[in-house]
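Undergrad: In full-length UniProt numbering, the protein residues as written are 1 to 417. We put the CB at the ideal spot given by N, CA and C, even for glycine. Encoded as structure tokens, here's the structure I'll be asking about.
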């Protein structure tokens, strides 16, 4: 375990600033990845979610790798995203808006600035846009050429997303081609039965893409003269960088894209009011989404005062639960999440929304399109620590677990009055 990071430690320190400038100038000459008209379309959809007319599923890998920008990987992840969207839509009779953590999720904040192994201390891995996961001095040194690779990889991944849209992959006719990694599990059989009896079929024909705006100097290079970030439809600011003086928040205030903000359990009513003042002072619907990530043990205490503060403020926001990050534990040096905690927080979120007369607008989740075993079903399962995989950064749901989450969320949303 390394030294705890400070606010200003979330920006990488490059050995040669001249190379950073050259990389940024190169990125500014790239063609845009997304169209501002589509960004505006997403804002309209998010406004619907804030009124309870739609529901958002935002998800994908915790940290994308450049090597993930392949047709096979993108298809698996988008298939899982659409599968989840379909289940929730079918059970709740709501329009579901799919937003991928894809085509740009290449930078990560880390709680510890440094990592130590066998007496050697090196900078922590901060995502492929910054450095390498390989534990060597060269690999862990921030490299500005990786910023260029990040844009190239995002362009490639999004091109595959658009191909899937044009190939009719998002239609119900393709349901059993979306992702069959969980085939023969009870969860997949339940999904198949739902498809056979499908009545409400309001599937999106668009996939929006998003990533965390951790590197403002990089995001600025993707921003056009009309203040649209054309590297993603939606951006979010993490719990670690959401304080009003951060460079990330100042950048987010300068662009027109819809912005999400993660809220941990220590968030106060003043915090959310200040965030609204900074990011959405005029109260435009669809501009701002709050993403509580508080943990199953703390959400009941921490979330209701924030609902009350926003209700009293009157400016519209969407509420999208992240049931992943607040339920991350470190046990015997192993970073782990348990399905029991994730499902408990989902159910509590919907219960709190109903009790507080708040509108549940979506889920923000981390998952893999493959059969990884990074999340254990329960801590009570004997030997869980011997069967889980080591995650690249944070543990992700596998396709079977994701189906379980989808059914839980869909059933909870259907109960909302």
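Please report how far the alpha carbon of residue 416 lies from the alpha carbon of residue 70, in whole angstroms.
TA: Taking the chain shown and counting its residues from 1, the one referred to as residue 416 is at position 416. Taking the chain shown and counting its residues from 1, the one referred to as residue 70 is at position 70. Cα to Cα, the separation comes out at about 39 Å.
Undergrad: Counting only the same chain and skipping the five closest in sequence on each side, list residues whose C-beta sits under 6 Å from that of residue 92.
TA: As a first step, residue 92 must be located in the chain shown, where it is residue number 92. So the list reads 410, 413 and 414, once near-sequence residues are dropped.
Undergrad: By the 10 Å Cβ neighbour count, where 16 or more other Cβ atoms means buried, how is residue 13 classified, buried or exposed?
TA: One-based indexing of the chain shown puts residue 13 at position 13. Exposed, because fewer than 16 other Cβ atoms sit within 10 Å of the Cβ of residue 13.
Undergrad: Excluding the 5 residues preceding and the 5 following residue 38 in the sequence, name in chain order all residues of the same chain whose CB lies nearer than 8 Å to its CB.
TA: As a working note, residue 38 is residue 38 in the chain shown. Cβ neighbours of residue 38 beyond the five flanking positions: 206, 208 and 233.
Undergrad: What residue does the alpha helix (DSSP H) around residue 303 start on, and which one ends it?
TA: Stepping through the chain shown from its first residue, residue 303 is reached at position 303. Counting along the chain, the alpha helix (DSSP H) containing residue 303 begins and ends at 299 to 313.
Undergrad: Just to confirm the assignment, what range does the beta strand (DSSP E) spanning residue 12 have?
TA: As a working note, residue 12 is residue 12 in the chain shown. That residue, residue 12, is in no beta strand (DSSP E); it is neither H nor E in DSSP.
Undergrad: Between residue 259 and residue 266, which are expected to be in contact by the criterion C-beta below 8 Å, what is the C-beta distance as a whole number of angstroms?
TA: Looking up residue 259 in the chain shown gives position 259. Looking up residue 266 in the chain shown gives position 266. Actually they do not touch by this definition, with Cβ atoms about 20 Å apart.
Undergrad: Between residue 175 and residue 86, which are expected to be in contact by the criterion C-beta below 8 Å, what is the C-beta distance as a whole number of angstroms?
TA: Residue mapping note: residue 175 aligns to position 175 of the chain shown, counting from 1. Residue mapping note: residue 86 aligns to position 86 of the chain shown, counting from 1. That pair is a contact at about 7 Å.
Undergrad: Residues in the same chain with beta-carbon distance under 6 Å from residue 193, minus the five sequence neighbours each way, listed in chain order, please.
TA: Reading the chain shown from its first residue, position 193 is the one you call residue 193. There are no such residues.
Undergrad: Going by the beta-carbon positions, is the gap between residue 262 and residue 299 smaller than 9 Å?
TA: Translated into positions along the chain shown, residue 262 becomes position 262. Translated into positions along the chain shown, residue 299 becomes position 299. Against a cut-off of 9 Å, the Cβ pair of residue 299 and residue 262 comes out as no contact.
Undergrad: With 16 as the cutoff for other CB atoms within 10 Å, does residue 189 come out buried or exposed?
TA: Counting from 1 along the chain shown, the entry for residue 189 is found at position 189. Classification for residue 189: exposed.
Undergrad: For residue 55 and residue 338, what's the separation of their Cα atoms in angstroms?
TA: To locate residue 55, count along the chain shown from 1; it is residue 55. To locate residue 338, count along the chain shown from 1; it is residue 338. Each residue's Cα considered, the two are about 25 Å apart.
Undergrad: For residue 327 and residue 296, which I take to be in contact (beta-carbon distance under 8 Å), what is that distance rounded to the nearest angstrom?
TA: Within the chain shown, residue 327 is the residue found at index 327, counting from 1. Within the chain shown, residue 296 is the residue found at index 296, counting from 1. About 6 Å; that satisfies the 8 Å criterion.
Undergrad: So which of 154, 184 and 63 has the shortest CA-CA distance to residue 131?
TA: For this step, residue 131 is matched to residue 131 along the chain shown. Checked all of 154, 184 and 63; the closest Cα to residue 131 is 63.
Undergrad: Less than 9 Å separating the beta-carbons of residue 78 and residue 169?
TA: Working through the chain shown from its first residue, we reach residue 78 at position 78. Working through the chain shown from its first residue, we reach residue 169 at position 169. For residue 78 and residue 169, yes; Cβs fall inside 9 Å.
Undergrad: If we count Cβ pairs, one from each stretch, closer than 8 Å, do we get three or more for the segment 103 to 110 versus the segment 396 to 406?
TA: No: fewer than three Cβ pairs fall under 8 Å.
Undergrad: Is it the case that the Cβ atoms of residue 215 and residue 269 are separated by a distance below 9 Å?
TA: Within the chain shown, the letter at position 215 stands for residue 215. Within the chain shown, the letter at position 269 stands for residue 269. No, they are not a contact pair.
Undergrad: With a threshold of 16 other CB atoms inside 10 Å of the CB of residue 224, please say whether the residue is buried or exposed.
TA: For the purposes of this step, residue 224 is identified with residue 224 of the chain shown, where counting begins at 1. Per the 10 Å Cβ criterion, exposed.
Undergrad: Between the segment 40 to 53 and the segment 308 to 320, do three or more beta carbon pairs fall short of 8 Å?
TA: Result yes; three or more Cβ-Cβ pairs closer than 8 Å.
Undergrad: What residues in its chain sit with their C-beta under 8 Å from that of residue 244, if we drop five residues either side in the sequence?
TA: Counting from one through the chain shown, the residue named residue 244 turns up at place 244. Answer for residue 244: 274, 275 and 278, listed in chain order.
Undergrad: Suppose you measure from the CA of residue 288 to the CA of residue 235; what does that come to, to the nearest Å?
TA: As a working mapping, residue 288 is identified with position 288 in the chain shown. As a working mapping, residue 235 is identified with position 235 in the chain shown. The straight-line gap from Cα to Cα measures roughly 10 Å.
Undergrad: Consult DSSP for residue 178 and reduce its assignment to one of helix, strand or coil.
TA: Mapped onto the chain shown, residue 178 falls at position 178. Helix, per DSSP.
Undergrad: So the beta strand (DSSP E) residue 96 belongs to, where does it begin and stop?
TA: Taking the first residue of the chain shown as position 1, residue 96 is located at position 96. 95 to 101 is the extent of the beta strand (DSSP E) around residue 96.
Undergrad: Expressed to the nearest angstrom, what Euclidean distance is found between the alpha-carbon atoms of residue 280 and residue 197?
TA: If you number the chain shown from 1, residue 280 lands on position 280. If you number the chain shown from 1, residue 197 lands on position 197. Their Cα atoms are separated by approximately 42 Å.
Undergrad: Compare the Cα-Cα distances from residue 145 to each of 75, 365, 19 and 118 and report the closest residue.
TA: The count along the chain shown starts at 1 and reaches residue 145 at position 145. Comparing Cα-Cα distances from residue 145 to each of 75, 365, 19 and 118, the minimum goes to 19.
Undergrad: Could you give the DSSP three-state label for residue 56: helix, strand or coil?
TA: Here residue 56 corresponds to residue number 56 of the chain shown, with the count starting at 1. Strand.
Undergrad: Give me whichever residues DSSP pairs with residue 229 in a beta bridge.
TA: The sequence position of residue 229 within the chain shown is 229, counting from 1. Its beta-bridge partners are 223.
Undergrad: If we require 3 or more residues per run, which beta strand (DSSP E) segments fall completely within the segment 93 to 165?
TA: Qualifying beta strand (DSSP E) stretches, in chain order: 95 to 101, 114 to 117 and 120 to 123.
Undergrad: What do you reckon, are the CB atoms on residue 199 and residue 90 nearer than 9 Å?
TA: Position 199 of the chain shown, counted from the start, is the residue given in the question as residue 199. Position 90 of the chain shown, counted from the start, is the residue given in the question as residue 90. In contact: residue 199 and residue 90 (Cβ atoms closer than 9 Å).
Undergrad: Go ahead and label residue 334 buried or exposed: buried means 16 or more other beta carbons lie within 10 angstroms of its beta carbon, across all protein chains shown.
TA: Residue mapping note: residue 334 aligns to position 334 of the chain shown, counting from 1. The residue is exposed, with fewer than 16 neighbouring Cβ atoms inside 10 Å.
Undergrad: Expressed to the nearest angstrom, what Euclidean distance is found between the alpha-carbon atoms of residue 195 and residue 83?
TA: For the purposes of this step, residue 195 is taken as residue 195 along the chain shown, with counting starting at 1. For the purposes of this step, residue 83 is taken as residue 83 along the chain shown, with counting starting at 1. Taking the straight line joining both Cα atoms gives about 10 Å.
Undergrad: Just to check my reading of the structure: residue 368 and residue 61 have Cβ atoms closer than 8 Å, yes? What is that Cβ distance to the nearest angstrom?
TA: Numbered from 1 along the chain shown, position 368 holds the residue referred to as residue 368. Numbered from 1 along the chain shown, position 61 holds the residue referred to as residue 61. About 7 Å; that satisfies the 8 Å criterion.
Undergrad: From the DSSP output, in three-state form, read off residue 376 for me.
TA: Here residue 376 refers to the residue found at position 376 when the chain shown is read from its first residue. It is a strand residue.
Undergrad: Return the first residue and the last residue of the beta strand (DSSP E) that residue 288 is part of.
TA: Walking along the chain shown from the start, residue 288 turns up at place 288. That run of the beta strand (DSSP E) goes 288 to 292.
Undergrad: Would residue 80 be called buried (16 or more neighbouring beta carbons within 10 Å of its own) or exposed?
TA: As a first step, residue 80 must be located in the chain shown, where it is residue number 80. Buried, by the Cβ-count rule.
Undergrad: Can you look up residue 77 in the DSSP assignment and give me helix, strand or coil?
TA: One-based indexing of the chain shown puts residue 77 at position 77. Looking at residue 77 - three-state DSSP - the assignment turns out to be helix.
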